[in-house]
């Protein structure tokens, strides 16, 4: 088909469209809805009693802030990537900085409390349950973010898939802060929360190709 | 870039933004104007980057289709050119990926086939008869491609139109046909 014919046929069958909201607004909507879903998940899991007021120490609060910042910035990045011409490579730092801060916080904490107790706790806490809980809590936010991304015009599908799933895992990790009984061990958090979140998010590369059109 | 050129570009950007806003509201004449204008810009954009101009039309059409399906994502507060070239760049990268196999593995040298035919040793009547026999041994598509492109001297674009296949398919058929022909004739003539 000639280009002029294509232009003619496209303009002939033109229909008005509803403009998509800005990526940041969509990220806020996703964040609010997803945090509600994760909260319901945490509440229903009935293990909230493991969380005591004593658990909410300074490190816990800082960690929670870092996780939420990381989650929100990752979702912003995913939504920005889904609109042509909106992504700039330096934006990746907005996501990397909170993630690195979270990891640094855990390293500092494990350095301060690195004792036999920590190692014992790492070996005594059943870590296998945490990745499972993480994956469970991540399902709804991931479904929401993928369906929202599909509304836009995503081009780098694998990258968007990875970042989208990473933000969902970040939110799930935030929920896990309240349900995991081994929070006093930063090594446990590094091993069974951070690593699975970053690793399992790699599935997003394939999911992005399949789910995002 | 001179000041006049910058002003011209900024005006063009504003104009495209206005046309796109009208497009989003369903104004087909504005859309026609916008796409026609983009056609020229995209032609220049891809023209600079492509080694084979015959791909230009396909890329422009692909990009215009993407502009059409993504028109709801354009935000008038953002520069139109960033949005447009975001799509165009992605289409170009996508094109490079898809054609990587053909470009790297299926490349062919147009002169190679001529070398076989024009070579003084091979210009004998016997050789031409053998060449025809060898051509008969090739699959129909490869034979057609070689005859049209190499023997009748049509350009690749013309040949693809005559045979009714895509340009990439033609190139693959010519390349494979040439390789096969070289093997058949090479056995008899011991040349390359």
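Protein chains in written order, with my numbering: chain A, 1300 to 1512; chain B, 464 to 655. The C-beta atom is built at its ideal place from N, Cα and C for all residues, glycine as well.
A distance below 7 Å between beta-carbons, with the five flanking residues on each side excluded, links residue 485 of chain B to the following residues of its chain, in chain order: 493. Residue burial annotation: residue 635 of chain B is buried, with at least 16 other C-beta atoms found within 10 angstroms of its C-beta. Contact between the segment 1325 to 1345 of chain A and the segment 516 to 523 of chain B is absent, with fewer than three C-beta pairs closer than 8 Å. Boundaries of the alpha helix (DSSP H) around residue 498 of chain B: 491 to 512.
With a threshold of 7 Å between beta carbons, residue 513 of chain B makes no contact with chain A.
Contact note: residue 545 of chain B reaches chain A through 1384, using a C-beta cutoff of 7 Å and chain order.
In the assembly as shown, residue 529 of chain B is a buried residue. Its beta-carbon has 16 or more other beta-carbons within 10 Å. Counting the other Cβ atoms within 10 Å of the Cβ of residue 1392 of chain A gives fewer than 16, which makes it exposed. Of the other Cβ atoms in all chains shown, fewer than 16 fall within 10 Å of the Cβ of residue 561 of chain B; this residue is therefore exposed. At a cut-off of 4 residues, the continuous stretches assigned as alpha helix (DSSP H) that sit fully inside the segment 1429 to 1494 of chain A are 1456 to 1478 and 1485 to 1488. Residue contact with chain B for residue 1315 of chain A: present (Cβ-Cβ distance below 7 Å to some residue of chain B). Ranking A:1368, A:1358 and A:1497 by CA distance to the CA of residue 1430 of chain A puts A:1497 first.
Note that the segment 1431 to 1441 of chain A does not touch the segment 1397 to 1406 of chain A; fewer than 3 beta-carbon pairs, one per stretch, sit closer than 8 Å. Residues of the segment 494 to 508 of chain B with a Cβ closer than 8 Å to any Cβ of chain A, in chain order: 494, 495, 498, 499 and 502. Under the 7 Å criterion on CB atoms, residue 1308 of chain A is classed as non-interfacial with respect to chain B. Judged by DSSP secondary structure, residue 601 of chain B falls outside any alpha helix (DSSP H); it is assigned neither H nor E. Residues of the segment 1445 to 1467 of chain A with a C-beta atom less than 8 Å from some C-beta of chain B are 1451, 1452, 1454 and 1455, listed in chain order.
A contact is defined here as three or more CB-CB pairs under 8 Å, and the segment 1377 to 1389 of chain A meets this definition with respect to the segment 534 to 545 of chain B. A residue is called buried once 16 or more other Cβ atoms fall within 10 Å of its Cβ, and residue 1335 of chain A, having fewer, is exposed. Per DSSP, residue 524 of chain B is one residue of the alpha helix (DSSP H) stretching across 519 to 532. In its chain, beyond the 5 residues on either side, 1325 and 1329 have a beta carbon closer than 7 Å to the beta carbon of residue 1447 of chain A.
Neighbours of residue 491 of chain B in chain A, taken as residues whose beta carbon is under 8 Å from its own, are 1310, 1311 and 1313 in chain order.
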